[in-house]
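Novice:
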Amino acid sequence: MPKWLRLVVVGGNSVGKTALIHQAVYKNHVTGRPMFKTIEDVYEVLIEVERGIKERFRIYDTMGLSKGEISKHYMNLADGFLLVYSTTSKRSFLLVQSLKRDIEKSRGRDFPVVVIGTKTDLKEERECDCKVASQWADAEKVRLCEVCVGERRSLQEPFSVLAKKMAASCGE
22 MPKWLRLVVV GGNSVGKTAL IHQAVYKNHV TGRPMFKTIE DVYEVLIEVE
72 RGIKERFRIY DTMGLSKGEI SKHYMNLADG FLLVYSTTSK RSFLLVQSLK
122 RDIEKSRGRD FPVVVIGTKT DLKEERECDC KVASQWADAE KVRLCEVCVG
172 ERRSLQEPFS VLAKKMAASC GE
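Numbered according to my numbering, the sequence shown spans residues 22 to 193.
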């Protein structure tokens, strides 16, 4: 077992990456509270991924991307990726598709990746069709979860699925 499962969280600007991490880790995200732009933050945490089972994560919260390119450092460092888009931004979903292709080219088709669509509570602002996103995820054979970060329970499944995939690929 690696000392830490290295999870890199990547996505476009203002899609909710940091809010997602804060809610999953600290249970303290308040919807609507202003967030500051992230350059890079690293969190070392235990996250319960199943009842009574905790995994040790080193979570890399990355700066929002405007182009579809993950740095080589993160590409080589990661044991898994959490790709985040906002359901209120079609552009952010297209970016996630590009990032997934880059990961596949660099790390292989079976590398642990989970995709999260955030801001599902903003129904009136939605730009990403749920059915289109789901069809893409099925075609890519990647787990897709759409969540409202304010609802912490919705975050457990993606982290649990990703932890299991990461542990399996690290030989645990």
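The beta carbon of each residue, even a glycine, is placed where N, CA and C say it ideally should be.
Starting from E70, follow the beta strand (DSSP E) in both directions and report where the run begins and ends.
Specialist: Looking at the sequence provided, one finds Val at residue 70 rather than Glu. Run containing V70: 61-71, per the beta strand (DSSP E) assignment.
Novice: Could you work out which residue in Y95, A45, P55, D62 is closest to G75 when comparing CA atoms only?
Specialist: The amino acid at residue 75 is misidentified as Gly; the sequence shows Lys. Answer by Cα proximity: A45.
Novice: Indicate the three-state DSSP secondary structure (helix, strand or coil) for R77 in the structure shown.
Specialist: It is a strand residue.
Novice: On the criterion of 16 or more Cβ atoms from any shown chain inside 10 Å, does K126 qualify as buried, or is it exposed?
Specialist: Per the 10 Å Cβ criterion, exposed.
Novice: Could you check what DSSP says for C149 in three-state terms: helix, strand or coil?
Specialist: Reduced to three states, the DSSP call for C149 is coil.
Novice: How is V36 classed by DSSP in three states: helix, strand or coil?
Specialist: Correct three-state label for V36: coil.
Novice: Does the segment 144-158 come close enough to the segment 179-188 that 3 or more CB-CB pairs lie under 8 Å?
Specialist: Touching, no, given that fewer than three Cβ pairs across the two stretches are closer than 8 Å.
Novice: Given a cut-off of 9 Å on the beta-carbon distance, is the pair S107 and C151 in contact?
Specialist: Taking 9 Å as the Cβ cut-off, S107 and C151 do not qualify as a contacting pair.
Novice: What number of angstroms, rounded off, separates the C-alpha of K38 from the C-alpha of S181?
Specialist: When rounded, the distance between both Cα atoms is 17 Å.
Novice: Is it a yes or a no for the segment 29-36 touching the segment 98-112, going by three-plus beta-carbon pairs under 8 Å?
Specialist: Touching, yes, given that three or more Cβ pairs across the two stretches are closer than 8 Å.
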